[in-house]
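This note's numbering numbers the first residue of the sequence shown as 28 and each following residue consecutively.
Even for Gly, the Cβ is constructed at its ideal location relative to N, Cα and C.
Computed from a predicted structure; not experimentally measured.
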Amino acid sequence: EREGRRILDQVSLAVHKGECVAVVGPNGAGKTTLLKHFNGLLRPTSGRVLLEGRDLRGQKVSRTARHVGMAFQNPAGQFFKLTVWDEITVAARTMNRFEPEWIDALVRLFRLEPLVNRPPYRLSCGEKKRVAFAAALSARPEVLVLDEPTSGQDRHFKTALGGFLTELRDRGQTVVIVTHDISFAAEYASRWLMMKAGRIVSEGRPRRVDARAPGEGERA
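Right, dumping it as structure tokens:
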């Protein structure tokens, strides 16, 4: 609940290793609120959140971050380093998971070569999002959570990101995305969860889930 208003209502779900799940639905459905429970930024008022069988209740967010990498739709608030390079490597260094080859691969994938020495807060919205993706992946978390990953990105980036997500999934990486980009979700997610008014109202393979556009009066 938030300010006495229930945001999520009797939500129950399981995400499996090596699965790419898309959370879809109208604005205001509770999708981003749900994501914030994945790494402990929000705690349930009832029920439990389990990560590989471990209850996240009582665990520090910094500890959970070793296992769950997260990038939000508006990532500027996540940045706290002076350069893009420091931003995308800080988590890996802090967790003793720094692998130069992996970081170089992320820099190439997200087209960050010309940006590594620039302050992240001075980048465009699309560039900030790419930095946030790389930072979320730098420590190789078991679960990758992306909020609106294709918003503001061109077709080339979407194709590259989709191929990378497929490769990660083939390696056993678990991926969860919140998205309004139905075509992207249909191509790269193996399962959809459709939310409305704080509930999961449908789930299953993309072609079986009703992904209707938001109705009038629904808000972000």
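Next on the checklist: So V205 and K58 are supposed to be a Cβ contact under 8 Å. How far apart are they, rounded?
Outcome noted: 5 Å
Checklist entry - Between which two residues does the beta strand (DSSP E) harbouring T72 extend? => result Counting along the chain, T72 falls outside any beta strand (DSSP E), and DSSP gives it neither H nor E.
Checklist entry - Which ranges would you report for the beta strand (DSSP E) in the region 166-236 if only whole runs of at least 3 residues count? => result 170-174, 201-205, 218-223 and 226-231
Next on the checklist: Which residue marks the beginning of the beta strand (DSSP E) containing I96, and which one marks its end?
Outcome noted: Residue 96 is actually Gly in this sequence, not Ile. Per DSSP, G96 belongs to the beta strand (DSSP E) from V95 to A98.
Checklist entry - A119 lies in the alpha helix (DSSP H); which residues open and close that run? => result V111 to T121
Checklist entry - Is the distance from the Cβ of L78 to the Cβ of H94 below 8 Å? => result yes
Checklist entry - According to DSSP, which residues form a beta bridge with L78? => result R81
Next on the checklist: Measuring straight from C-alpha to C-alpha, what distance separates S39 and L192?
Outcome noted: Distance between the alpha carbons of S39 and L192: 25 Å.
Checklist entry - In the DSSP assignment, what are the bridge partners of C47? => result Bridge pairing for C47: V202 [DSSP].
Checklist entry - What did DSSP end up calling P127 once you bin it into helix, strand or coil? => result Correct three-state label for P127: helix.
Checklist entry - If you compare alpha carbons, which of R157, F125 and R120 is closest to R138? => result R157
Checklist entry - How about L83 and T91: are their beta carbons less than 8 Å apart? => result yes
Checklist entry - What residue range is occupied by the uninterrupted alpha helix (DSSP H) comprising V88? => result V88 to T91
Checklist entry - Is the distance from the Cβ of G45 to the Cβ of R196 below 8 Å? => result yes
Checklist entry - Roughly how many angstroms lie between the CA atoms of T60 and A162, to the nearest whole one? => result 21 Å
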